[in-house]
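Peer 1: Each residue of the sequence shown is one higher than the last, beginning at 1 in UniProt numbering. Each residue gets a CB set at the ideal place from its N, CA and C atoms; glycine is no exception. One structure is given below, represented as structure tokens, and several questions about it will come after.
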Amino acid sequence: MAFPLSPSAPLRLKPYSTLRLLALCSSNPLSKPRPFPPSAAAFAPRRPFPPPAAASRRRCFRTAIAAALRSGEAVEAKKSELADPPRGEFGGRVGEFRKRLKISEIKGGPEEGLGLVGQTLTVMGWVRTLRAQSSVTFIEVNDGSCLSNMQCVMDSDAEGYDQVESGSVSTGASIWIQGILVASQGSKQKVELKVKKIMLVGKSDPSYPIQKKRVSREFLRTKAHLRPRTNTFSAVARVRNALAYATHKFFQENGFVWVSSPIITASDCEGAGEQFCVTTLIPSSGETTATPIDAIPKTENGLIDWSQDFFAKPAFLTVSGQLNAETYATALSDVYTFGPTFRAENSNTARHLAEFWMIEPELAFADLDDDMACATAYLQYVVRHVLENCKEDMEFFNTWIEKGIIDRLTDVVNKDFVQLTYTDAVELLVKSKKKFEFPVKWGCDLQSEHERYITEQVFRGCPVIIRDYPKDIKAFYMRQNDDGRTVAAMDMLVPRVGELIGGSQREERLEYLEARLDDLKLNKDTYWWYLDLRRYGSVPHAGFGLGFERLVQFATGIENIRDTIPFPRTPGSSEF
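Next up, the structure:
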């Protein structure tokens with residue numbers, strides 16, 4: 001049942017007051033929180049807050065609004081009350097949280113909204129398009145909950161129509177609309193909203209850069225604060241969210257414990273030295289850009305005096321949470337990290353980011369075969385989740401981004417993964433007689449063109465796991481195989497992306513690990529705590545790392561990795 005609002009003079013509210021009004025007057029038939037399915041118990045929503053013990057002031061506020069609407073009194077008389085709403089009785093309880101109605105709930109399901117025809121509903125969102133005809137106006141509203149817009153049809157009798165007529169309601173504006181859901185006369189949607197009342201929440205300046213005409217993704221990267229309002233980037237955001245949810249769900253259902261790994265570290269997990277330095281030796285005030293070099297403290301030898309820095313030694317943004325995850329795996333058995341990582345690799349390509357998210361599970365009492373099985377099960381799980389729960393968005397990607405992506409992902413879910421050794425992969429590439437940009441020989445690091453050829457051409461779209469790589473091209477922590485020249489490492493290759501997952505069995509033998517650190521000239525004192533794990537109850541263990549943005553690329557077909565993360569950080573670019 002809708003909250004009664006009688007025709008009156010147009011009501012003008014400030015944005016804060018408007019949102020407060022809408023929150024207090026919610027009456028949508030679907031506004032009650034829906035329980036999470038049993039399988040998602042680990043991520044059940046917070047319990048509803050207790051109902052307010054004393055709501056007299058809230059009732060007064062709501063009554064004042066209704067009275068103003070009925071009587072047409074001047075809104076100016078209520079300005080102070082609307083601008084600074086009462087905070088409630090002293091000692092009173094906080095009101096119950098109410099989940100507001102979303103367009104996805106109205107238009108979702110097999111009936112696509114037909115089951116709600118005849119009900120009075122309220123929609124809040126942003127205007128995508130507005131078409132004014134002689135006797136009727138069509139407004140497409142989107143609230144970000146789904147790809148579909150809600151078509152709102154209104155005539156001049158609708159309350160607040162003057163805001164449309166004056167041009168205040170335009171593309172990009174935020175609005176509140178109330179009306180009756182009816183069966184649509186058009187063919188593009190099953191239902192539409194016959195508007196009874198419209199209220200402008202936030203105007204949109206005529207300079208709004210995202211109009212109906214198509215714009216390039218390069219342009220939209222310069223408008224990263226507005227690009228989520230486009231179909232492509234809103235769909236990417238929803239799929240990214242679904243992948244993150246499925247990631248936690250998979251590991252939680254399989255008994256893993258989530259560990260928060262540090263962002264600031266003194267260790268280089270990959271040993272490549274491509275890290276961002278974290279320091280307070282350079283002033284962090286507005287004087288930063290004008291800092292003289294002499295202001296940085298130095299030793300008598302003219303070197304930077306790190307003892308005066310915040311951490312009293314060099315510190316960096318982490319490139320991986322793996323080493324920290326291993327510490328907890330040797331206590332809790334199976335753990336995973338999921339957080340931001342950073343790499344100062346000066347690669348200005350469509351495959352690289354300076355800031356990205358990593359998923360890194362660690363399994364105790366496990367070898368490389370266990371690691372590959374876990375990676376395979378994880379990928380199939382999250383892909384299946386997206387196909388089942390993001391159907392509208394996936395159909396959009398299948399039509400506009402990559403034709404055939406749904407079939408490609410379905411193959412990942414249903415097909416058996418193939419595994420072969422690095423040596424066999426190199427032999428296969430050499431025998432292909434194909435001319436690659438980067439020549440292939442044993443001991444080289446396989447490039448994206450090699451990886452994609454194997455998974456796309458040789459195995460026709462089937463994911464491939466390559467194992468047992470040369471130790472000289474892999475990190476120090478990987479377990480040395482009995483042949484002395486390879487390590488128990490694996491890379492999972494998928495179509496269009498190439499390497500998606502990289503993992504290994506970790507070196508659990510102290511003497512082998514110390515020798516490897518010496519070979520690579522890495523300071524063992526920096527890794528003292530990591531070596532301790534091998535001194536006190538060491539166990540065979542394995543894990544893998546997955547770049548989350550690469551996974552989003554794989555699941556959406558988006559070509560440039562900068563379009564898979566809300567605010568990409570790349571060489572020369574740190575806007576927003």
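Taking the runs of the beta strand (DSSP E) that are 3 residues or longer, which of them lie wholly in the segment 203-240?
Peer 2: none
Peer 1: How would you label arginine 516, buried or exposed, when you count the other beta carbons within 10 angstroms and need 16 or more for buried?
Peer 2: Along the sequence shown, one-based indexing puts residue 516 at 516. Arginine 516 is buried by the Cβ-count criterion.
Peer 1: Closer than 6 Å by C-beta to proline 51: which residues in its own chain qualify, once you throw out the five before and the five after it? Chain order, please.
Peer 2: In the sequence shown, counting from the first residue as 1, residue 51 sits at position 51. Caution is warranted here: a pLDDT of 42 is assigned to proline 51, below 50, making its placement in the model unreliable, and no coordinate value can be reported.
Peer 1: Would you mind giving the Cβ-Cβ distance between lysine 258 and tyrosine 336, rounded to the nearest angstrom? I have them listed as a contact below 8 Å.
Peer 2: In the sequence shown, the residue the question calls residue 258 occupies position 258. In the sequence shown, the residue the question calls residue 336 occupies position 336. The sequence shown places tryptophan at residue 258, rather than the lysine named in the question. About 6 Å separates the two Cβ atoms, so the contact holds.
Peer 1: If we count Cβ pairs, one from each stretch, closer than 8 Å, do we get three or more for the segment 568-576 versus the segment 411-429?
Peer 2: no
Peer 1: Given that a residue counts as buried once 16 or more other Cβ atoms are within 10 Å of its Cβ, and exposed if not, what is glutamate 360?
Peer 2: Locating residue 360 in the sequence shown gives position 360, counting from the first residue. Label assigned to glutamate 360: buried.
Peer 1: Compute the Euclidean distance between the alpha carbons of alanine 242 and glutamate 274, then round it to the nearest angstrom.
Peer 2: For the purposes of this step, residue 242 is identified with residue 242 of the sequence shown, where counting begins at 1. For the purposes of this step, residue 274 is identified with residue 274 of the sequence shown, where counting begins at 1. Each residue's Cα considered, the two are about 31 Å apart.
Peer 1: Threshold first: 4 residues or longer. Then list the alpha helix (DSSP H) segments lying entirely within the segment 430-515, N to C.
Peer 2: 448-452
Peer 1: According to DSSP, is glutamine 163 helix, strand or coil?
Peer 2: Position 163 of the sequence shown, counted from the first residue, corresponds to residue 163. Reduced to three states, the DSSP call for glutamine 163 is helix.
Peer 1: Tell me the residue span of the alpha helix (DSSP H) that contains histidine 385.
Peer 2: As a first step, residue 385 must be located in the sequence shown, where it is residue number 385. Looking at the DSSP string, the run of the alpha helix (DSSP H) that includes histidine 385 is 368-389.
Peer 1: Between the beta-carbon of alanine 244 and the beta-carbon of phenylalanine 396, is there less than 7 Å?
Peer 2: If you number the sequence shown from 1, residue 244 lands on position 244. If you number the sequence shown from 1, residue 396 lands on position 396. Not a contact, by the Cβ cut-off of 7 Å.
Peer 1: When the Cβ atoms of the segment 547-563 are set against those of the segment 490-507, are three or more pairs found closer than 8 Å?
Peer 2: yes
Peer 1: Relative to the C-alpha of phenylalanine 365, which candidate in Arg506, Glu112, Trp126 has its C-alpha closest?
Peer 2: What you label residue 365 is simply residue 365 of the sequence shown in a count that begins at 1. Taking each of Arg506, Glu112, Trp126 in turn and checking the Cα distance to phenylalanine 365, the smallest one comes out for Arg506.
Peer 1: Can you tell me whether asparagine 142 is buried or exposed? The criterion is at least 16 other CB atoms within 10 Å of its CB, across all chains shown.
Peer 2: The sequence position of residue 142 within the sequence shown is 142, counting from 1. Classification for asparagine 142: buried.
Peer 1: Going by DSSP, what residue range makes up the alpha helix (DSSP H) through glutamine 119?
Peer 2: As a first step, residue 119 must be located in the sequence shown, where it is residue number 119. That residue, glutamine 119, is in no alpha helix (DSSP H); it is neither H nor E in DSSP.
Peer 1: With a cut-off of 8 Å, do at least 3 Cβ pairs link the segment 127-145 to the segment 169-185?
Peer 2: yes
Peer 1: Look up leucine 181 in the DSSP assignment and say whether it is helix, strand or coil.
Peer 2: Counted from its first residue, the sequence shown places residue 181 at position 181. In this structure, leucine 181 counts as strand in the three-state DSSP scheme.
Peer 1: Could you give the residue range of the alpha helix (DSSP H) that holds alanine 331?
Peer 2: If you number the sequence shown from 1, residue 331 lands on position 331. First-last of the alpha helix (DSSP H) with alanine 331: 322-332.
Peer 1: Bridge partners of tyrosine 336, per DSSP?
Peer 2: Here residue 336 refers to the residue found at position 336 of the sequence shown. For tyrosine 336, which the question treats as bridged, DSSP gives the partners Trp258, Pro361.
Peer 1: Determine the extent of the beta strand (DSSP E) in which alanine 555 is found, giving its start and end residues.
Peer 2: As a working mapping, residue 555 is identified with position 555 in the sequence shown. No beta strand (DSSP E) holds alanine 555; the alpha helix (DSSP H) holding it covers 548-556.
Peer 1: CB-CB under 8 Å to valine 539, same chain, minus the five flanking residues each way: which ones, in chain order?
Peer 2: Sequence index remark: in the sequence shown, residue 539 carries index 539 (1-based). Cβ within range, chain order: Thr330, Ala364, Phe365, Glu508.
Peer 1: Please work out which residues of its chain come closer than 8 Å, Cβ to Cβ, to valine 191, disregarding the five sequence neighbours upstream and downstream, and give them in chain order.
Peer 2: Reading the sequence shown from its first residue, position 191 is the one you call residue 191. Cβ neighbours of valine 191 beyond the five flanking positions: Ile106, Lys107, Glu112, Gly113, Leu114, Leu116, Val117, Leu181, Val182, Ala183, Ser184.
Peer 1: Measuring CA to CA, which of Arg98, Ile565, Ala542 is closest to glutamate 362?
Peer 2: The residue given as residue 362 occupies position 362 in the sequence shown. Residue Ala542 is the option with its Cα nearest to glutamate 362.
Peer 1: Indicate the three-state DSSP secondary structure (helix, strand or coil) for valine 191 in the structure shown.
Peer 2: Position 191 of the sequence shown, counted from the start, is the residue given in the question as residue 191. If DSSP states are grouped into helix, strand and coil, valine 191 belongs with the strands.
Peer 1: Helix, strand or coil for arginine 128, going by three-state DSSP, please let me know.
Peer 2: Sequence index remark: in the sequence shown, residue 128 carries index 128 (1-based). DSSP, reduced to helix, strand and coil, places arginine 128 within a strand of the structure shown.
Peer 1: From the DSSP output, read off the bridge partner residues of arginine 308.
Peer 2: Looking up residue 308 in the sequence shown gives position 308. Just to set this straight, residue 308 is glutamine in the shown sequence, not arginine. In DSSP, glutamine 308 forms no bridge with anything.
Peer 1: Put leucine 531 into one of helix, strand or coil per three-state DSSP.
Peer 2: Reading the sequence shown from its first residue, position 531 is the one you call residue 531. Assigned with DSSP and collapsed to three states, leucine 531 falls in helix.
Peer 1: In angstroms, rounded to a whole number, what distance separates the CA positions of alanine 312 and tryptophan 306?
Peer 2: Translated into positions along the sequence shown, residue 312 becomes position 312. Translated into positions along the sequence shown, residue 306 becomes position 306. Their Cα atoms are separated by approximately 6 Å.
Peer 1: Given a threshold of 16 other Cβ atoms within 10 Å of its Cβ, counted over all protein chains shown, does phenylalanine 316 qualify as buried or as exposed?
Peer 2: Position 316 of the sequence shown, counted from the first residue, corresponds to residue 316. Result: buried.
Peer 1: With distances taken between CB atoms, is the gap from asparagine 481 to alanine 475 smaller than 7 Å?
Peer 2: On the sequence shown, position 481 is the one that residue 481 refers to. On the sequence shown, position 475 is the one that residue 475 refers to. The Cβ atoms of asparagine 481 and alanine 475 lie no closer than 7 Å to each other.
Peer 1: Cα separation between proline 340 and asparagine 348?
Peer 2: One-based indexing of the sequence shown puts residue 340 at position 340. One-based indexing of the sequence shown puts residue 348 at position 348. In a straight line, the C-alpha of proline 340 is about 19 Å away from that of asparagine 348.
Peer 1: Across the segment 517-524 and the segment 550-567, are there enough close Cβ pairs to call them in contact, namely three or more that are closer than 8 Å?
Peer 2: Segments in contact, no.
Peer 1: Give the single residue among Leu533, Leu226, Leu379, Gly202 whose Cα lies nearest to the Cα of phenylalanine 251.
Peer 2: For the purposes of this step, residue 251 is taken as the residue at position 251 of the sequence shown. Looking at the Cα atoms, Leu379 is the closest of the given residues.
Peer 1: Which of the three DSSP states is assigned to glutamine 133 in this structure?
Peer 2: What you label residue 133 is simply residue 133 of the sequence shown in a count that begins at 1. Of the three classes helix, strand and coil, the one that applies to glutamine 133 here is coil, per DSSP.
Peer 1: Hey, would you say leucine 193 sits closer than 7 Å to glutamine 163, going by beta carbons?
Peer 2: Position 193 of the sequence shown holds residue 193. Position 163 of the sequence shown holds residue 163. Not a contact, by the Cβ cut-off of 7 Å.
Peer 1: Rounding to the nearest angstrom, what Cα-Cα distance links leucine 332 and glutamine 119 in this structure?
Peer 2: Looking up residue 332 in the sequence shown gives position 332. Looking up residue 119 in the sequence shown gives position 119. About 52 Å.
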